[in-house]
Structures are given as C-alpha cells and as structure tokens.
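Okay, so the sequence shown: first residue is 298 according to our numbering, each after it adds one. What follows is a set of notes on a single structure, which appears directly below.
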Amino acid sequence: MTKTFDSKWEEVHKAREWGKYPSEDLIRFMGRKYKNTDRNKVSVLDLGCGTGAATWFLCREGFKVYAVDGSKTAVEKVQKLLGNIANKPYLCLADAAKLPFEDNTFDCVADIGCITSNTSKGINEILAEICRVLKPSGSFFSSYLFSSKTSGSDLGKELEPNTRRNIPEGPVADIGTIHFFTRTEIKKFWKNNGLTVTEINTLRRTDCNGLYTIDYYIVSAVKI
C-alpha cells in the first residue's frame, strides 16, 4: 500500500489559512440526495477533510459525520473550527488509502480535492479503499478533479502522463502532486475499483482577471 498523503500538504496547512467555506458542489449534492432523509441516520465520511469546511457543513446539516486527513495541522484546525458544535464528528489522522474503518461502514463518502492530489497508483488505492468502506449502493461524491484545461497542467515535473508535481504558477501551484483527469479516465478508474459513475459534470472559471483557468470534474457514483 502506497502512502498517498503528500507531506507538502502539512506545509500548506501550516502556512495558509484557507478552506473555511464548504464547496457549493457538495452542498448541492447533499441537498438533492438527502432532501427527505433522516440525516442523523446517514453516515458520511469527509475524505481528506483539510481544515474542515465540509466537515462543519455536514455536522450542521445533521449527518452522522466522520472526517479524516493525513495532516496533523489540518486535523487540529478542524477541532478548533468546530469548537462546541453539538453534532460532533469522529475525527482522526489517517491516510486516505488506509482508513481505520470496517467494511461497509458508510452511506456516503465525500472527496473535495483529495483524490486529485495523487499519482495513478495512489488514485487506484484510494478508490479501492472508498469502495471497501462504502455500504452496498452507497454514494461517492468527488469534486475538484482537475482537467488538463486547468492552467499549470503542462508545467512542473511530469511524474507520469497527466500527473505533475511542483507546478510553479497558477491555481494549483505549490501544492505538491496533481493529477489532471479526462472523462474517459474517470470512468475507467471508478469502474476498476467497484464504483459505477452515475453523473459527470464540469465547472470552469477564470481567475486573476482571466489570466488563469480552473476547470474540474464533479463526479457522482455508487458502489456496485
């Protein structure tokens, strides 16, 4: 098993204050999927929770929340962010490819920018682990799966096709390894690891007065 957590993220979380607000993509998915559901019975894993924006949102919405990250600093920031929130999550330090949970534990797993920060080998290992901990017919939501249309996809050190490291400028600069997906590749990765893709959408915007482009996939899937 590969250690998929990139130590660069420990440096990032120590140096930056970011990720305080939950992804609109996740808010939309959870609102639609669990609109008429008793949410305290829905177990959700926030995979690679970072500084806890999605964790905070899921707790506030009444889900039974679990959150993991490989960064000690990130986990400490999550604890501080949540403070005295009534619906406490189970929070722990762990690698996304070696989760401390039993098989068939979760109704839903959410990934906001964790999987994309890996090589192909790491991506496959994480997806296999997601499939393991999901209940049969459980849902997997993933966002910020960057495409090659994102600025910086041709910069930095090429580790393998579609994977770069130490990108020097743009929206994914200075955050270690980034894999840039294609739609076909997503379907193949997910299928090979027991997950059926039900929906793929894209979101594109520019930044810095149009200097940079951010283009990523938003994927919904279920455990086969």
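Yeah, the Cβ is synthetic: ideal placement off N, Cα and C, and Gly gets one too.
| field | Any 3 or more C-beta pairs closer than 8 Å across the segment 393-403 and the segment 450-463 | value | no
| said: Would residue 323 and residue 440 be called neighbours here (beta carbons separated by less than 8 Å)? | reply: Taking the sequence shown and counting its residues from 1, the one referred to as residue 323 is at position 26. Taking the sequence shown and counting its residues from 1, the one referred to as residue 440 is at position 143. Contact flag set, yes.
| query | What residues in its chain sit with their C-beta under 6 Å from that of residue 340, if we drop five residues either side in the sequence? | reply | By 1-based counting over the sequence shown, the position of residue 340 is 43. Excluding residues within five positions, the ones whose Cβ falls inside 6 Å are 361, 403, 404.
| What are the start and end residues of each continuous alpha helix (DSSP H) run of 4 or more residues lying completely inside the segment 327-380, in chain order? | 350-357, 369-379
| Where do the ends of the beta strand (DSSP E) carrying residue 383 lie? | The count along the sequence shown starts at 1 and reaches residue 383 at position 86. First-last for residue 383: undefined, no H or E at that position.
| Between the segment 494-504 and the segment 298-317, do at least 3 Cβ pairs fall closer than 8 Å? | no
| message | Please report the distance separating the alpha-carbon of residue 448 from that of residue 387. | response | Counting from 1 along the sequence shown, the entry for residue 448 is found at position 151. Counting from 1 along the sequence shown, the entry for residue 387 is found at position 90. So the two alpha carbons sit approximately 36 Å from each other.
| query | Under three-state DSSP, which class holds residue 462? | reply | Taking the sequence shown and counting its residues from 1, one reaches residue 462 at position 165. Here residue 462 sits in strand by DSSP.
| message | If you reduce the DSSP assignment to three classes, tell me which class residue 302 lands in. | response | Stepping through the sequence shown from its first residue, residue 302 is reached at position 5. In this structure, residue 302 counts as coil in the three-state DSSP scheme.
| request: May I ask you to list the residues that DSSP assigns as paired with residue 499? | output: The count along the sequence shown starts at 1 and reaches residue 499 at position 202. In the DSSP output, where bridge partners are listed per residue, residue 499 has 514.
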